[in-house]
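Report on one structure; see the data block that follows.
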Amino acid sequence: MEDRELKLNSGWVALLGMFLWLGVLISLVVTSVQQHAPELAWGIVPLWVLWLFAWAGFIVNGPNQARVVQLFGKYVGTVRRTGFFYGNPLYWRTRVSLRVRTFETGMNKTEEKKDAAGTVLVPASTHREPIKVNDKDGTPIEISAVVLWKVVNPTEAVFQVDDYEEFVKLQADAALRSLASRYSYDAPDSDAHSLRGHIEEVATQLKHELHTRMQMAGVEVLEARISYLAYAREIAAAMLQRQQAGAIVAARSQIVAGAVGMVESALDLLKERNVIELDPERRAAMVSNLLVVLCGHSVPQPVLNTGTLYN
10 MEDRELKLNS
20 GWVALLGMFL
30 WLGVLISLVV
40 TSVQQHAPEL
50 AWGIVPLWVL
60 WLFAWAGFIV
70 NGPNQARVVQ
80 LFGKYVGTVR
90 RTGFFYGNPL
100 YWRTRVSLRV
110 RTFETGMNKT
120 EEKKDAAGTV
130 LVPASTHREP
140 IKVNDKDGTP
150 IEISAVVLWK
160 VVNPTEAVFQ
170 VDDYEEFVKL
180 QADAALRSLA
190 SRYSYDAPDS
200 DAHSLRGHIE
210 EVATQLKHEL
220 HTRMQMAGVE
230 VLEARISYLA
240 YAREIAAAML
250 QRQQAGAIVA
260 ARSQIVAGAV
270 GMVESALDLL
280 KERNVIELDP
290 ERRAAMVSNL
300 LVVLCGHSVP
310 QPVLNTGTLY
320 N
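In this text, residue positions in the sequence shown follow my numbering: the first is 10, and each later residue adds one.
Right under this line is the structure:
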């Protein structure tokens with residue numbers, strides 16, 4: 010729907026008119042009493058009713074707020090200006106906040122702690138838990154995101170959806186589920202689609218999808234980022250072992266590669282300086298000893314050999 014500005018009269022001028030009207034009503038009452046004219050008093054009663062009803066026309070609009078105005082079900086306009094105004098008392102006004110707001114996706118969960126006798130130790134408190142969804146590989150993960158948003162079209166926010174705040178939260182959960190199902194939780198560095206390894210790309214995609222879903226409700230998404238990401242509890246231990254195993258293999262590969270290079274440099278240096286002549290068997294023994302020293306977990310213990318390699 011087209012959002013159009015509604016211009017209202019100054020509330021201060023209308024307030025002055027209300028006080029003048031009040032003075033006229035009081036003078037009419039005094040006149041009817043002095044002249045003993047009860048029929049005049051009955052004629053003043055409708056004016057008093059109208060005066061009281063006219064107070065409903067005052068509108069106070071604060072900063073970063075808007076009022077969507079209707080008259081008998083027809084959209085009249087939107088008040089965006091800040092100040093004190095006066096309009097038709099029959100206007101139906103819906104207040105919409107234009108402030109920047111934020112929330113975290115997830116499901117509300119209420120918990121309270123009790124002892125064995127059932128006595129409440131900690132009062133019930135509500136917090137949001139991450140949503141559980143399967144990633145691209147079918148692995149169950151827990152994920153949540155922080156969304157920064159604001160209303161840019163109050164008219165659409167009021168008339169296009171029933172409750173725009175609830176609409177934003179539900180669409181954010183749906184968009185996050187859809188995004189997580191298209192990415193893997195973790196992937197090799199060469200893979201460009203990973204929730205854990207490509208945070209900026211995921212945040213951009215999430216913001217784009219949220220903006221597409223919420224645009225019809227007059228909402229603009231300013232920022233959306235993943236705030237929590239982990240494997241589901243039932244597989245967290247197994248996936249942790251898998252990550253540890255991968256880290257150990259990678260570390261071992263690097264250690265072995267470095268050790269082989271050091272051994273090769275040592276043998277080349279010994280040969281270049283003619284420090285010692287090694288036959289193939291002694292060369293193999295030296296390589297074995299050096300690799301044990303360089304690749305071992307613990308400090309190697311020296312062994313005293315009283316013989317030779319051949320005896």
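Just so it is clear, CB atoms sit at the ideal spot from N, CA and C, and this is done for glycine as well.
Please look up how many angstroms separate the CB atoms of ARG186 and VAL156, rounded, as I've assumed it's under 8 angstroms. Working through the sequence shown from its first residue, we reach residue 186 at position 177. Working through the sequence shown from its first residue, we reach residue 156 at position 147. About 14 angstroms separates the two Cβ atoms, so there is no contact after all.
If you follow the alpha helix (DSSP H) that GLU11 is part of, which residue opens it and which one closes it? In the sequence shown, counting from the first residue as 1, residue 11 sits at position 2. GLU11 -> no alpha helix (DSSP H), and no H or E assigned at all.
Check whether the Cβ atoms of LEU188 and GLN224 sit closer than 9 angstroms, and answer yes or no. Counted from its first residue, the sequence shown places residue 188 at position 179. Counted from its first residue, the sequence shown places residue 224 at position 215. It is not a contact, given that the beta carbons lie outside the stated cut-off.
Skipping 5 residues on each side, what residues in its chain have a beta carbon closer than 8 angstroms to that of LEU31? Locating residue 31 in the sequence shown gives position 22, where the first residue counts as 1. These residues qualify, in order along the chain: TRP60.
Just confirm the distance between the C-beta atoms of ARG242 and GLN180, as a whole number of angstroms; I'd bet it's less than 8 angstroms. Taking the sequence shown and counting its residues from 1, the one referred to as residue 242 is at position 233. Taking the sequence shown and counting its residues from 1, the one referred to as residue 180 is at position 171. In fact, because the Cβ distance is near 27 angstroms, the residues do not count as touching under 8 angstroms.
Leaving out the 5 sequence neighbours to the left and right, which residues in its chain are closer than 7 angstroms to ALA65 when beta-carbon positions are compared? As a position in the sequence shown, residue 65 is number 56, starting the count at 1. Closer than 7 angstroms at the Cβ level, and outside the excluded window around ALA65, lie PRO98.
Helix, strand or coil: which one does DSSP assign to THR164? Your numbering for residue 164 matches position 155 in the sequence shown. Looking at THR164 - three-state DSSP - the assignment turns out to be helix.
Taking 9 angstroms as the cut-off, decide whether the C-beta atoms of ILE373 and LEU17 are in contact. Because the chain in this structure spans residues 10 to 320, residue 373 falls outside the shown range and cannot be described.
Continuous alpha helix (DSSP H) assignments of at least 4 residues falling wholly in the region 217–289: 242–281
Whose C-alpha, out of GLY227, ALA260 and ASP195, is nearest the C-alpha of TYR240? Locating residue 240 in the sequence shown gives position 231, counting from the first residue. Comparing Cα-Cα distances from TYR240 to each of GLY227, ALA260 and ASP195, the minimum goes to ASP195.
Roughly how many angstroms lie between the CA atoms of PRO55 and ALA63, to the nearest whole one? Your numbering for residue 55 matches position 46 in the sequence shown. Your numbering for residue 63 matches position 54 in the sequence shown. Answer to the nearest angstrom: the Cα atoms are 12 angstroms apart.
Taking the C-alpha atoms as reference points, what is the distance between PHE94 and TRP51? As a position in the sequence shown, residue 94 is number 85, starting the count at 1. As a position in the sequence shown, residue 51 is number 42, starting the count at 1. Cα to Cα, PHE94 sits roughly 32 angstroms from TRP51.
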